[in-house]
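Position one of the sequence shown corresponds to residue 31 (this note's numbering), numbered consecutively onward. Where a beta carbon is used, it is the ideal one built from N, C-alpha and C, also for glycine.
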Amino acid sequence: MYLPQETIRKKRDKEVLTQDEIQSFIRGVTDNSISEAQISALTMAIFLNGLSKEESVYLTLAMRDSGDIMQWKHLDLPGPIIDKHSTGGVGDTVSLMLGPLFAACGGFNPMISGRGLGHTGGTLDKLASIPGYNPFPTNEQLTEAVKIAGTAIIGQTGNLAPADKRIYAARDVTATVESIPLITASILSKKLAGGLDYLVMDVKTGSGAFMPTPALSEELARSIVSVGSGAGLGLSALLTDMNQSLAPAAGNAVEVQCAIDYLTGKAKPSRLHEVTIELCAEGLLASGLAKDLDDARKKLNASLDSGLAAEKFAKMVHILGGPSDILENPKKYLAQAPVKIPVKAEKNGYISRFDTRDIGLAVVALGGGRLRSDQVIDPAVGLTDIVELGQEVVQGEDLMMIHAQSEKDAEIALKMIQKACYIHDEKPIALPLIPKRISVQDL
Ligand code: URA
């Protein structure tokens with residue numbers, strides 16, 4: 031008979047768990063025969079004593095196997111299943127362009143994305159600002175979108191990695207979220223249950239990142255690459271800068287507009303472009319759709335220039351219930367906030383720092399994000415025309431535009447943003463946009 035307390039005791043005493051013990055524990059988590067107290071005790075023991083790479087792989091696979099695993103083989107798709115996961119940030123619009131770009135280059139991207147929580151935005155909330163777009167499609171719609179558009183950005187349907195839900199809920203209330211092996215297993219088990227062949231990880235680093243220091247961001251990236259490859263995935267990770275909003279817009283409809291402008295060639299914000307292309311290039315390389323990173327970049331830029339990536343986005347939106355002319359008439363569909371006020375520079379100088387987390391929280395305060403999972407999102411509100419770090423500004427110049435439902439909301443956000451933007455006399459040293467690339471060979 032399996033005794034969960036023996037597994038807890040072993041980890042408490044810094045012993046190594048076997049695959050059998052880990053599988054049995056996760057089975058008990060899934061069928062509710064293991065209590066919250068036992069889950070919490072094991073997660074605390076793991077938080078304190080860690081897991082070896084093998085233990086992490088066993089935990090990831092057991093959590094993946096706790097529910098449904100999406101299957102794509104029966105569709106006989108003429109290309110690999112590729113996906114990307116980001117640890118989340120502010121103005122992180124990448125997924126909206128990356129799925130269509132993968133598709134335009136021969137990949138297939140069924141992307142299970144999440145809703146925003148806290149200061150970070152969620153891809154699902156952004157797409158929900160397109161009227162009619164159904165992130166919970168029928169099987170037929172999903173199959174058609176993946177086959178025809180090559181990408182379907184959807185919410186979690188079915189029962190993917192249910193063990194993670196119970197474990198995460200226990201971690202959330204027992205101060206054990208910040209454990210690299212537990213974060214690794216949580217992210218990878220859900221991604222693996224999506225049935226993908228290749229994964230690119232975008233691990234954010236900086237003042238708007240989930241991990242509090244660059245060293246911990248790198249440790250998480252290394253752990254995910256190591257455990258993911260141990261679990262049979264082809265993957266690599268990029269550390270990307272989150273010391274400022276990645277896109278010049280942060281919110282929901284405003285980020286969809288930004289993605290449409292990018293895909294249709296109306297605007298190419300340089301940092302957003304570079305991060306998007308580099309993440310896509312990693313995916314094309316890992317999946318064999320490009321012979322090297324340069325070849326991948328050429329293919330991606332060509333699919334942007336030809337309009338093929340934009341066409342894939344439009345097809346996905348239409349198949350999943352949205353309008354057929356979203357590219358031609360985005361303003362007809364994307365909600366606009368009634369109040370727009372600028373945030374003005376309080377003095378001359380250079381933008382030297384953003385407290386990016388607080389910028390994200392200003393979007394939440396406007397109603398564009400949520401602090402509790404039951405909060406409803408206002409698609410129209412957010413920020414646009416956001417200045418960049420290092421930019422020279424003069425007193426009174428606009429630093430960004432606030433889009434709000436009322437003057438009162440705008441004033442609250444304005445105060446938060448003013449406190450989160452720093453202007454100094456000296457130009458700050460530019461930080462690398464992609465400080466590190468981590469592949470299996472780099473471990
Ligand atoms: N995101 C996840 O999906 N899981 C974690 O544990 C942390 C971040």
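Any heavy atom of the ligand URA closer than 8 Å to the Cβ of residue 216?
Residue 216 has its CB nearer than 8 Å to a heavy atom of the ligand URA.
TODO: Starting from the Cα of residue 145, find the closest Cα among 139, 138, 155 and 136 and give me that residue.
DONE: The alpha carbon of residue 145 has as its nearest neighbour, out of 139, 138, 155 and 136, the alpha carbon of 155.
Item to check | Rounded distance between the beta-carbons of residue 227 and residue 111, thought under 8 Å | outcome: With 8 Å as the limit, residue 111 and residue 227 qualify as a contact, their Cβ atoms being about 5 Å apart.
Check: Starting from residue 286 and walking both ways along the alpha helix (DSSP H), at which residues does that stretch end?
Finding: From DSSP, the alpha helix (DSSP H) with residue 286 extends over 283-293.
Check each candidate in 63, 80 and 54 and name the one with the smallest Cα separation from residue 45. Considering only alpha carbons, the answer is 80.
| query | How do the stretch 311-327 and the stretch 190-207 stand: do at least 3 beta-carbon pairs fall below 8 Å, yes or no? | reply | Using a C-beta cut-off of 8 Å, the stretch 311-327 makes no contact with the stretch 190-207, since fewer than three inter-stretch Cβ pairs fall below that distance.
Query raised in the report: Closer than 8 Å: is that where the CB of residue 207 sits relative to any heavy atom of the ligand PLP?
Result: What this structure holds is the ligand URA, not the ligand PLP.
Three-pair Cβ contact test at 8 Å for the stretch 246-261 versus the stretch 431-448: Under the Cβ criterion (8 Å, minimum of three pairs), the stretch 246-261 does not count as touching the stretch 431-448.
Cα-Cα separation between residue 140 and residue 236, rounded to whole angstroms: The straight-line gap from Cα to Cα measures roughly 29 Å.
- Check each candidate in 118, 84, 170 and 138 and name the one with the smallest Cα separation from residue 399. Residue 399 has its Cα closest to that of 118, out of 118, 84, 170 and 138.
I need the boundaries of the beta strand (DSSP E) containing residue 55, first residue and last residue. For residue 55, no beta strand (DSSP E) encloses it; the enclosing alpha helix (DSSP H) starts and ends at 49-60.
- For residue 84, which option in 125, 200 and 259 has the closest C-alpha, if you only look at C-alpha atoms? Checking every option, the nearest Cα to that of residue 84 belongs to 259.
**Study point:** Beta-carbon gap between residue 186 and residue 221 smaller than 9 Å
**Key:** With respect to residue 221, residue 186 sits apart: the two C-beta atoms are not nearer than 9 Å.
Between residue 261 and residue 47, which are expected to be in contact by the criterion C-beta below 8 Å, what is the C-beta distance as a whole number of angstroms?
-> 16 Å between Cβ atoms; not a contact.
Quiz item: Looking at the structure shown, is residue 312 part of a helix, part of a strand, or coil, going by DSSP?
Solution: Here residue 312 sits in helix by DSSP.
Query - Ordered list of beta strand (DSSP E) runs contained in the stretch 162-224, each at least 3 residues - result: Counting whole runs of 3 or more residues, the stretch 162-224 contains the beta strand (DSSP E) stretches 181-184.
- residue 295: which of 128, 274 and 336 sits nearest, CA to CA? Selection 128, 274 and 336 evaluated against residue 295 yields 336 as nearest (Cα-Cα).
For this session: Per DSSP, which residues does residue 267 bridge with? Please list them.
Result: Residue pairing from DSSP places residue 267 in a beta bridge opposite 231 and 468.
- Query: Below 8 Å, can you find three or more Cβ-Cβ pairs linking the stretch 374-384 to the stretch 147-166?
  - Reply: The stretch 374-384 makes no contact with the stretch 147-166, as fewer than three CB pairs between them are under 8 Å.
- Query: Buried or exposed: which applies to residue 201, given that a residue is buried once 16 or more other Cβ atoms fall within 10 Å of its Cβ?
  - Reply: Buried, by the Cβ-count rule.
Exercise for review: With distances taken Cα to Cα, identify the nearest neighbour of residue 35 among 50, 56, 68 and 61.
Suggested key: Of the candidates 50, 56, 68 and 61, the residue whose Cα lies closest to the Cα of residue 35 is 68.
*Helix, strand or coil for residue 140 per DSSP?*
Strand, per DSSP.
- Query: CB of residue 166 to nearest heavy atom of the ligand URA: below 8 Å?
  - Reply: Not one heavy atom of the ligand URA lies closer than 8 Å to the C-beta of residue 166.
Worksheet item: Closest to residue 302 by CA distance: which of 234, 248, 290 and 276 is it?
Response: Ranking 234, 248, 290 and 276 by Cα distance to residue 302 puts 276 first.
query: So is the beta-carbon of residue 212 under 8 Å away from any non-hydrogen atom of the ligand URA?
result: Result yes, Cβ under 8 Å from the ligand URA.
- Query: Is residue 38 helix, strand or coil when you go by DSSP?
  - Reply: Secondary structure at residue 38: helix, using DSSP grouped into helix, strand and coil.
Check: Whose C-beta lies closer than 7 Å to the C-beta of residue 368 among residues of the same chain, with five residues either side of it excluded?
Finding: A distance below 7 Å between beta-carbons, with the five flanking residues on each side excluded, links residue 368 to the following residues of its chain, in chain order: 435.
Quiz item: In or out: residue 346 buried (at least 16 other Cβ within 10 Å) or exposed?
Solution: Classified as buried, residue 346 has 16 or more neighbouring CB atoms from the shown chains inside 10 Å of its CB.
Quick check on the DSSP output: the beta strand (DSSP E) that includes residue 412 runs from which residue to which?
Secondary structure note for residue 412: its beta strand (DSSP E) is the uninterrupted segment 412-414.
Inset, instruction - Give, in chain order, every unbroken run of the beta strand (DSSP E) that is at least 3 residues long and sits entirely within the stretch 372-441. - result: For secondary structure counted as the beta strand (DSSP E) over 3 or more consecutive residues, the stretch 372-441 holds these complete runs in sequence order: 379-384, 412-414 and 428-434.
Residue closest to residue 479, alpha-carbon to alpha-carbon, out of 58, 352 and 414:
The requested residue 479 does not occur in the structure, where the chain is confined to residues 31 to 473.
query: In terms of residues, what are the limits of the beta strand (DSSP E) holding residue 454?
result: 451-454 is the extent of the beta strand (DSSP E) around residue 454.
Considering only residues of the same chain and omitting the five flanking positions on each side of residue 409, which have a CB-CB separation below 7 Å? Closer than 7 Å at Cβ, skipping near neighbours: 158, 159, 282, 283 and 365.
- Query: Relative to the alpha-carbon of residue 93, which residue among 385, 349 and 211 has its alpha-carbon at the smallest distance?
  - Reply: Looking at the Cα atoms, 211 is the closest of the given residues.
Please classify residue 122 as buried or exposed, where buried requires at least 16 other C-beta atoms within 10 Å of its C-beta. By the neighbour-count definition (other C-beta atoms within 10 Å, threshold 16), residue 122 is a buried residue.
Distance between residue 291 and residue 241 (C-alpha atoms, nearest Å)
In a straight line, the C-alpha of residue 241 is about 30 Å away from that of residue 291.
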